[in-house]
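Below is one structure, written out as structure tokens, with a few remarks after it.
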Amino acid sequence: MLNRLLAAIICAPLAFLAAGCAAQSVSVPQDEARLWICHTVPLPKEIIIREKVSVPVDGVTVRVPAGAGDVVLTAAESLKQTLGTAGKPDPANPAFTINLQLGGPSAEPLKSLKNAGQACRITPAPSKDALIITALQPIGLRYGLVTLNQLLRPRVRGSLVEIPLVEMTDWPDMADRGLWGTDSFRQIPWMAERKMNIVEQISNIGVRPDGSTFGKYKEGQDALVEVAPKLGVNYVPVVLHLEQVIGKGVSDAYPQLVAKNGGSPRSMCYSEPAVADVIGGWIADLASQPGVREVDVWMTENMAGEKGCLCPGCAGQDRNVLEIRAILAGWEKAKKRVPGVGLRILTSEETEDSNRKIFDELPLDVFIWYYHSLLTYTANSRPMLRPYLAEYAKKGHPIGVCPNLVYSIHFAQPCTGPQFVHARMSEFLQKGMSGLLGYATPRVNYGRFNVEAAAEWGWNLNGRSPREFAYSWAVRQGLRDPEKFADWCEVEGPVSWAVSGSHWASGENRNVPGKVAKRLKEGTLPELGFVLWDAFASPWGDIKGEAHLQKLLADSAKAVQMSREMGIPEFYYESLVYRGHMEAIQALWELRKLVRNGSIREQDREAATRWFRAYIRGLQQVVDVLPRWERLVPGRPEEEKDWMFTDRPVETARRMIEEMREVAREMGIRL
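Per our numbering, the very first residue in the sequence shown carries number 199; after that it's consecutive.
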């Protein structure tokens, strides 16, 4: 009898809910609300959870307005997948309704917000049996659904789901937030979940013998046109740097476009009208792909000191100005084939001295990506952006930045660096930048923490601190102790940033400023904190002095201990890698004090021997641990399981060891 009574008590509420009656709301304590909101990324600008209701998952319905399109329908379907009701008919008498409203009086306040087209509001119905998501554009509705889905995902428990009666107003600080290159085309759903909204990839372009152009996404990258538009991600195809396209059939079909009178054979003659036909043809071809609204033309990257065309029409002119005029002329031709196609351009180290002139040529509807391989592909802690960029942004030019989001491109290493990413995004937004086109090599998952951090602060710069972001990331990842992870990030992040910002050891693969072993022998190692020409920081440009060096050493040892206690091998190996680097840097600094005129005094030989051994021991630790770390990187596709992108940094460290052994031998030190 008692069992029947209990069963009746338990089943009655479920029957009540199934019949479509409103669930009873309960209050949500602040601590619970705070932890619940950790599941959102990016953190919404304004969000409050005071109450929640518990309803059957099959009693929830999403009402999508007519004409909302795929960007909303896919988000609604994703929410149903979270509930386990995808493919099932909507309940006739729902227990809870998610109403989507596009425009109307309730959306009017959103018009005053920055990037209002992406803004949204979520409000509970007075009856507490519905949430209303309001936006001006379909993408805003999508972003509201994405946030709600993030809040529901951890609260689905069997046949029930806890729904927060959330009050939210949200909008992004930065208009464009995305990635280019590597495997970003594979990561579009992951990016969209974090409200990243742009992806760029270099296109397959060329000129046929008859002079006609062709342009399309590369083989295997179908997701750019099949997936990205449905998820609200703007696929922008790229025309490669223009000094790299002459061999793509251009010179065969249009020999008159090859630079004349001793100009570089890689450069085109921008005085020939046909150059606009070629560029315009590529823009139109790429813009004809499904879902494409804009094309990005990358200006010449590096002429390596060679001259451009020296024909009478080009000689004496600024080659970069002629190039941007040709791009603009090509764009005008493309608009006749594809009306409304937008244009983006990307600068470079080659254009740097001409950028002001280039910007003066541009109408305000051309988006500018600022790129300079020495200045934007670096982890150095110095400010990245030149003052003129902020000046042109204030004039109304839309300008974004193309930086690395990992510590070093094409040099695979761990990079859990919230401080690094927050500093970058702070600078970009404070200087008026409206876009981020991040570069994460060798694959996005190798820098997934940093990429997610960029998505976080590109949307809401002043929401979470670096520590708070780390804590929330740990919550979303399901780590056992988010507090310990956040503690570790606070210690490890500045260490790894200082090492990588000093171009250690990636700088060994450049000719400038030279190999550290050779510089030690020659006595040309600089003081701590020295950066050559504001670009070359090796070996310790981001280590500001002896006190900073000692703090980094102590913190690197502390991070090893903290990561060991955390018990997650991936982060333990990360700390071991940077501890090894710090030991080698310290040893090199101490050796610099002992080496004079290519030799070591007798009284210093014992100390020098210790430091040579410490240098080798530190780098050997890097050699041993880096591959172990790489094997733990998640999400590697099956065809890449055996690839080792850490081979290059491992080989660099091995070479550094052998070069230092040779210097020691030459100085009579036996190791």
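We put the CB at the ideal spot given by N, CA and C, even for glycine.
In the DSSP assignment, residue 558 falls within the unbroken alpha helix (DSSP H) covering 553-559. A distance below 7 Å between beta-carbons, with the five flanking residues on each side excluded, links residue 536 to the following residues of its chain, in chain order: 482, 485 and 486.
Fully enclosed beta strand (DSSP E) runs of no fewer than 3 residues occupy 318-322 and 328-333 of the stretch 298-339, in order along the chain. Each residue's CA atom was taken as its position, placing residue 445 and residue 463 some 10 Å apart. Closest option to residue 378, judged by alpha-carbon separation, among 369, 658, 329 and 394: 394. The DSSP assignment places no complete beta strand (DSSP E) segment of no fewer than 3 residues inside the stretch 775-803. The alpha-carbon of residue 348 is positioned some 22 Å away from that of residue 432.
Going by DSSP, residue 404 is part of no alpha helix (DSSP H) but of the beta strand (DSSP E) stretching over 402-405. A distance below 9 Å separates the beta carbons of residue 599 and residue 574. Taking C-beta atoms as the reference points, residue 272 and residue 340 count as a pair closer than 9 Å. In the DSSP assignment, residue 622 falls within the alpha helix (DSSP H) that extends over 616-628. Checking the DSSP bridge columns, you'll see residue 704 has no partner listed.
At the C-beta level, residue 529 and residue 403 stay beyond 9 Å of one another. Here the alpha carbons of residue 779 and residue 792 stand approximately 20 Å from one another. Under the DSSP assignment, residue 375 falls in the beta strand (DSSP E) whose first and last residues are 374-378. Distance from the CA atom of residue 447 to the CA atom of residue 518, rounded to whole angstroms, is 22 Å. Three or more Cβ pairs closer than 8 Å define a contact, and the stretch 698-706 meets that threshold against the stretch 831-850. Here residue 658 carries a coil assignment [DSSP, helix/strand/coil].
Nearest in C-alpha terms to residue 666, of all of 733, 222, 238 and 504, is 238. Counted as a single uninterrupted DSSP element, the alpha helix (DSSP H) harbouring residue 230 occupies residues 228-235. Between residue 364 and residue 247 the beta-carbon gap is near 5 Å, inside 8 Å, which marks them as a contact. 714 is the residue among 523, 380 and 714 whose C-alpha sits nearest the C-alpha of residue 787.
Of all C-beta pairs linking the stretch 629-646 to the stretch 825-845, three or more are shorter than 8 Å, placing the two stretches in contact.
With contacts defined by Cβ atoms closer than 9 Å, residue 852 and residue 821 form a contacting pair. Counting the other Cβ atoms within 10 Å of the Cβ of residue 784 gives 16 or more, which makes it buried. When the five nearest sequence neighbours on each side are left out, the beta carbons in the same chain lying within less than 8 Å of the beta carbon of residue 277 are those of 260, 296, 343, 346, 347 and 350, in order along the chain. Per DSSP, reduced to three states, the secondary structure at residue 839 is coil, with no helix or strand assignment. A residue is called buried once 16 or more other Cβ atoms fall within 10 Å of its Cβ, and residue 466 is buried on that count.
Where residue 452 is concerned, there is no enclosing beta strand (DSSP E), because DSSP gives it neither an H nor an E.
Around the beta-carbon of residue 720, fewer than 16 other beta-carbon atoms lie within 10 Å, marking it exposed. Counting along the chain, residue 761 sits inside the alpha helix (DSSP H) bounded by residues 744-764. Only buried fits residue 753, as 16 or more other CB atoms lie within 10 angstroms of its CB.
Per the C-alpha coordinates, the member of 407, 726, 375 and 450 positioned closest to residue 398 is 375. Going by DSSP, residue 590 is part of the alpha helix (DSSP H) stretching over 585-592. Just so you know, the alpha carbons of residue 829 and residue 766 end up roughly 14 Å apart.
Ranked by Cα distance from residue 630, the options 584, 488 and 547 are led by 584.
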